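*Asks:* Residue numbering for the sequence shown follows our numbering, beginning at -15 and increasing consecutively.
We treat Cβ as the ideally placed atom computed from N, Cα and C, and that holds for glycine.
This one's a predicted model, so the numbers in the text were calculated from it and none came from an experiment.
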Amino acid sequence: MHPASAEPTIGASMARDHAGTTAVITGASSGLGAEFARTLAARGANLVLVARREGRLTALARELETSYGVAADPVALDLARPDAAVELTASIRERGLTVDSLVNNAGFGMHGALAEADAARLDEQVRLNVAAVVSLTRAFLPEMTASGRGILVNLSSVAAFQPVPLMAVYGATKAFVLSFTEAVAFETRTSGLRVTALCPGPTRTEFFRVAGTEHRRRAYETPAQVVATAMRALDARRTPATIVSGRRNRAMAQAARIMPRSIVVPLTGRIMAD
Ligand SMILES: NC(=O)c1ccc[n+]([C@@H]2O[C@H](COP(=O)([O-])OP(=O)(O)OC[C@H]3O[C@@H](n4cnc5c(N)ncnc54)[C@H](OP(=O)(O)O)[C@@H]3O)[C@@H](O)[C@H]2O)c1
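(1) By DSSP's criteria, E205 is part of a beta bridge. Which residues make up the other side?
(2) Taking only three categories from DSSP, how would you classify N233?
(3) A152 lies in the beta strand (DSSP E); which residues open and close that run?
(4) In the DSSP assignment, the beta strand (DSSP E) including A60 goes from what residue to what residue?
(5) With a 10 Å radius around its C-beta and 16 neighbouring C-beta atoms as the bar for buried, classify G15 as buried or exposed.
(6) With 8 Å as the threshold, decide whether the Cβ of G96 is near any Cβ in chain C.
(7) Among Y52, R79 and M236, whose alpha-carbon lies nearest the alpha-carbon of I255?
(8) Ligand 1 and L112: does the residue's C-beta get closer than 7 Å to at least one heavy atom of that ligand?
(9) For the candidate residues E108, T165 and M128, whose alpha-carbon lies nearest to that of V153?
(10) If you compare alpha carbons, which of A18, R27, T23 and A99 is closest to G4?
(11) Just to confirm the assignment, what range does the alpha helix (DSSP H) spanning G221 have?
(12) With H, G and I counted as helix, E and B as strand and the rest as coil, what does DSSP make of A35?
(13) Could you compute how far the alpha carbon of T197 sits from the alpha carbon of A130?
(14) Along the chain, where does the beta strand (DSSP E) containing A7 start, and where does it finish?
(15) Is A7 closer than 8 Å to L31 when the C-beta atoms are compared?
(16) From the DSSP output, in three-state form, read off V142 for me.
(17) Using DSSP with H/G/I as helix, E/B as strand and the rest coil, what is L13?
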């Protein structure tokens, strides 16, 4: 059975101890990233919080330090810039930190026909959703596998399971993340590092405002629900390389994998045009 169709928790689970570890979370100023930051801080992880909006990062860092007694460092950085991963790595080295966990969460989508899309913004989307994920994973993977105590979570999406007309680039970036992460999970399977591609469905964050669309009829999950699903699977005896959050989303992801492309692409196109 493909992991996308599996219940996300496999085997007996016990909350993994993150006390004293260091976790880098990108896109921590909002939505799922902020929720991952709260959850990992509550488990005792020290945090490096990355995004562009420094004020929000600093406020969250101070809140988590006060609530959980962990160290939280805000790093204001545009990860779509080509040299961003090198800058972040250097900044982490300067702080004398070794990374145990990485949540590659920063990302965005754009709704609309490709021919009318802002070309510069499309490039930015590929650099953030794909290139930064590869660069940061590569940069920290040796120390994360050596530690064997942490997690590598790359944010994919249910958009990864089929082409997505009107969000063509977004769907393709998330398919890349899914494929990339499943491969890395296999490569690192004996290290103790838990590696997974997290695939949420529609979730109540700033995502849809940034993308310029609103799913009026969709059933949204909350960031807390998505992150709780992810943490349960990461705590399990065997962590699946793909986690789809929400029963309905799991069923849809599985259906998209089984259905012929000649059916699934027009169907998705009609849903997206709605
Ligand atoms: N919400 C959903 O329905 C949904 C579903 C499936 C997958 N996802 C994925 O989940 C991840 C998190 O999204 P979200 O839903 O939590 O959306 P969100 O609330 O819009 O959060 C996106 C985060 O990414 C950061 N970010 C955006 N551009 C950046 C850049 N150039 N450099 C550094 N950070 C940047 C934002 O911070 P700044 O603006 O401060 O930089 C923000 O913290 C994304 O990868 C998204 O594709 C979301």
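*Replies:* Per the coordinate set shown:
(1) T187
(2) Assignment of N233 by DSSP, reduced to helix, strand and coil, places it in the helix class.
(3) Looking at the DSSP string, A152 is not in any beta strand (DSSP E); the run it does join, the alpha helix (DSSP H), is A152 to E171.
(4) A56 to A60
(5) Classification of G15: buried, given that the 10 Å Cβ count is 16 or more.
(6) No chain C appears in the structure shown, which is made up of a single protein chain.
(7) Closest option to I255, Cα to Cα, is M236.
(8) yes
(9) Of E108, T165 and M128, the residue nearest in Cα terms is E108.
(10) R27
(11) Position check: residue 221 holds Arg in this sequence, whereas Gly was assumed. Where R221 is concerned, there is no enclosing alpha helix (DSSP H), although the beta strand (DSSP E) it sits in stretches over A220 to R222.
(12) strand
(13) 42 Å
(14) T6 to T10
(15) yes
(16) helix
(17) Note on residue identity: the sequence assigns Ser, not Leu, to residue 13. Three-state result, S13: coil.
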